[in-house]
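Numbering (the UniProt record's numbering), first residue to last: 1 to 710. Glycine residues also receive a C-beta, built at the ideal position from the N, C-alpha and C atoms. Everything numeric in this text was worked out from a predicted model, so none of it was measured. Notes for the one structure printed next.
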């Protein structure tokens with residue numbers, strides 16, 4: 001285990017002590033959010049990403065250790081495990097090197113080389129490899145018997161044996177790997193007769209680029225087209241350089257034997273080595289592209305989940321439409337559905353007056369404080385309709401992304417919440433709740449349906465799900481949830497809970513009423529001491545008798561705050577309310593062997609802003625009223641927009657029409673940037689300039705260079 005700690009420390013540049021403490025906590029069942037928030041003394045203040053990296057590297061090393069056990073066992077069963085071989089296997093932690101060591105001993109289907117050995121041709125192969133024999137024909141003729149028809153048949157079998165030896169030679173494999181790493185080119189060509197079907201991939205019909213320079217989005221696009229049978233793709237180094245390198249290693253002379261060995265190495269390269277290493281590099285480049293796409297996706301998801309919330313206000317939400325009308329719902333400050341009906345302000349029905357009258361009545365009857373409009377079909381027209389109405393007070397209007405709302409409305413979660421309502425009502429409710437609390441609503445939807453990924457269906461799905469789930473968990477625990485109002489789905493992501501305990505909490509609430517304290521959690525069925533330790537700090541109880549129950553201060557630290565209050569001769573609620581009292585606290589006085597400065601600093605931050613929300617304040621946004629369709633765009637226009645999706649090649653911006661525009665990486669800033677997130681974030685309000693409009697392909701090129709940002 002210490003070896004693992006040393007190796008992970010070297011890989012990540014994190015001191016070994018911190019690695020050891022983190023893995024110990026993970027081994028005890030602590031979650032990443034809990035360790036990051038409440039065990040800073042043990043980890044040295046590592047954040048969620050660093051802890052996840054430690055866990056990932058540890059898991060990889062454990063997988064390699066298991067693979068070694070299998071390999072050692074297999075070779076031992078063959079009776080070929082020497083002390084030297086065992087040491088080589090035990091000493092390596094490089095999975096590629098491990099597989100190279102194992103390759104000669106790996107059980108194989110019957111190969112050409114094995115068939116030649118069974119014909120008794122291995123001694124002839126050894127003669128060829130020595131490259132000393134001048135009368136090769138005579139030597140080869142001695143092997144013409146049984147299934148060996150003639151000398152050429154004998155030599156062919158011997159070459160097959162040599163080819164397999166070349167393929168299994170570690171030096172040779174590493175030499176070809178190095179050639180691939182330095183020079184490999186990825187080439188794509190359209191499959192003959194598929195030109196029309198493959199039109200969207202036309203940039204890759206005759207494509208060639210250095211593999212190491214091929215960006216993740218290009219590589220994933222090429223691989224998708226290949227999987228659809230539209231492109232033929234290959235990865236290849238300089239073949240001549242590879243053959244020369246193999247000849248230098250295996251060919252020693254200039255006689256008939258040498259020529260046979262050279263022919264065998266060429267066959268080994270073409271038939272065995274090159275395809276094998278090409279497969280390796282295809283997998284490695286795909287994994288690298290996957291990791292980059294997943295990184296972009298998880299960062300986009302994190303930003304989306306942490307979008308500014310409106311908070312607990314009464315909302316009128318509209319799912320806009322033309323022919324079928326606009327579905328309107330009214331929600332109370334907790335997001336409960338109070339009322340729903342349809343209005344028809346747009347063509348072809350055009351009941352504008354009736355729609356306006358109904359709106360005013362709903363706004364008055366349900367004391368509406370904000371309006372939320374979905375950004376799909378008829379969104380701009382509905383926003384205009386609302387903005388042309390006069391109400392008895394100022395009511396802010398927000399346009400909210402509908403992405404994934406239809407999937408939510410047809411889901412089991414939505415059916416369980418609203419069994420008596422159809423999908424249109426559920427979708428409108430989701431649009432309203434997304435405004436009130438994006439995090440609480442978006443966790444109900446599969447992240448892949450939210451529309452902020454890049455080739456998300458083409459990447460490793462297991463790895464993607466793991467990364468997305470961890471991102472959601474980190475975000476939910478960063479914000480914390482109201483124990484008395486959170487849905488079971490939201491509670492599922494709280495540290496230490498999971499689906500069963502989350503549902504048990506909701507059931508307990510239904511049977512016993514609201515929780516009055518965090519301690520009461522221990523009455524929930526199956527809530528043990530460990531689960532309580534992991535979850536308690538992330539669950540808030542507004543209005544609790546103990547004010548600390550509505551903060552991120554963990555119950556294990558309540559005694560510290562109580563001691564601070566006692567030392568100042570005041571109550572805990574007075575300490576929280578009175579800044580002057582808190583300024584008298586000398587936190588170093590409260591350091592103990594188990595409680596250090598990081599925990600005390602976190603406690604003081606919470607006392608300054610109890611239950612603080614890390615998300616930003618929400619802002620009203622308006623699109624340019626003169627731009628409704630792509631036909632309204634002109635080069636040079638300066639327009640307001642909202643960043644809808646970020647990829648590693650730029651940002652897609654919603655400018656209020658059906659098509660999003662692309663701000664390429666090179667157009668985000670005057671200075672060089674390698675990552676769009678250096679400049680923009682999901683749902684950021686930006687100003688952009690229209691550079692180019694391709695109405696046929698529905699493509700809009702935008703720029704932020706030289707455009708004043710508010």
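Beta-carbon separation of residue i and residue j under 8 Å?
| i | j | result |
| --- | --- | --- |
| residue 191 | residue 232 | yes |
| residue 402 | residue 375 | yes |
| residue 648 | residue 292 | yes |
| residue 537 | residue 37 | yes |
| residue 130 | residue 140 | no |
| residue 506 | residue 428 | no |
| residue 624 | residue 656 | yes |
| residue 467 | residue 298 | yes |
| residue 230 | residue 288 | no |
| residue 76 | residue 12 | no |
| residue 247 | residue 262 | yes |
| residue 540 | residue 482 | yes |
| residue 71 | residue 89 | yes |
| residue 327 | residue 390 | no |
| residue 568 | residue 584 | yes |
| residue 518 | residue 504 | no |
| residue 290 | residue 153 | no |
| residue 378 | residue 320 | yes |
| residue 308 | residue 618 | yes |
| residue 660 | residue 451 | no |
| residue 552 | residue 480 | yes |
| residue 668 | residue 689 | no |
| residue 173 | residue 100 | yes |
| residue 342 | residue 325 | yes |
| residue 73 | residue 303 | no |
DSSP on residue i, reduced to helix/strand/coil?
| i | result |
| --- | --- |
| residue 716 | Here the chain comprises residues numbered 1 to 710, so residue 716 is not present and cannot be evaluated. |
| residue 242 | helix |
| residue 250 | helix |
| residue 302 | helix |
| residue 612 | coil |
| residue 701 | strand |
| residue 538 | helix |
| residue 100 | helix |
| residue 691 | strand |
| residue 597 | helix |
| residue 554 | coil |
| residue 497 | coil |
| residue 62 | helix |
| residue 13 | coil |
| residue 549 | helix |
| residue 214 | coil |
| residue 385 | helix |
| residue 144 | coil |
| residue 128 | helix |
| residue 489 | helix |
| residue 116 | helix |
| residue 591 | coil |
| residue 169 | coil |
Have a look at the DSSP bridge pairing and note the partners of residue i.
| i | result |
| --- | --- |
| residue 327 | 319, 342 |
| residue 398 | 372 |
| residue 189 | 206, 232 |
| residue 652 | 645, 662 |
| residue 638 | 689 |
| residue 481 | 539 |
| residue 337 | 331 |
Does the distance between the C-beta of residue i and the nearest non-hydrogen atom of the ligand MN fall short of 7 Å?
| i | result |
| --- | --- |
| residue 582 | No copy of the ligand MN occurs in the structure displayed, which carries no ligand at all. |
Kindly confirm or deny that the stretch 680-697 and the stretch 631-638 touch, where touching means at least three C-beta pairs closer than 8 Å.
yes
When you compare the stretch 254-272 with the stretch 426-438, are there three or more beta-carbon pairs, one atom per stretch, that lie closer than 8 Å?
no
Using a Cβ distance threshold of 8 Å, determine whether the stretch 278-285 contacts the stretch 150-169, with at least three qualifying pairs required.
no
Do three or more CB pairs link the stretch 132-139 to the stretch 227-246 at distances below 8 Å?
no
Is the number of C-beta pairs between the stretch 196-212 and the stretch 243-253 that are closer than 8 Å three or more?
no
Would you call the stretch 587-600 and the stretch 570-577 in contact, with 3 or more CB pairs under 8 Å?
With a cut-off of 8 Å on Cβ pairs, the stretch 587-600 is not in contact with the stretch 570-577, counting fewer than three such pairs.
Taking 8 Å as the threshold, find out whether the stretch 44-60 comes into contact with the stretch 26-36 through three or more Cβ pairs.
Using a C-beta cut-off of 8 Å, the stretch 44-60 makes contact with the stretch 26-36, since at least three inter-stretch Cβ pairs fall below that distance.
What runs of the alpha helix (DSSP H), each 4 residues or longer, lie entirely inside the stretch 410-471?
412-417, 423-436, 438-442
Ordered list of alpha helix (DSSP H) runs contained in the stretch 253-292, each at least 4 residues:
Qualifying alpha helix (DSSP H) stretches, in chain order: 256-267.
At least 3 beta-carbon pairs within less than 8 Å: the stretch 447-465 vs the stretch 17-30
The answer is no - the stretch 17-30 does not touch the stretch 447-465, with fewer than three Cβ pairs under 8 Å.
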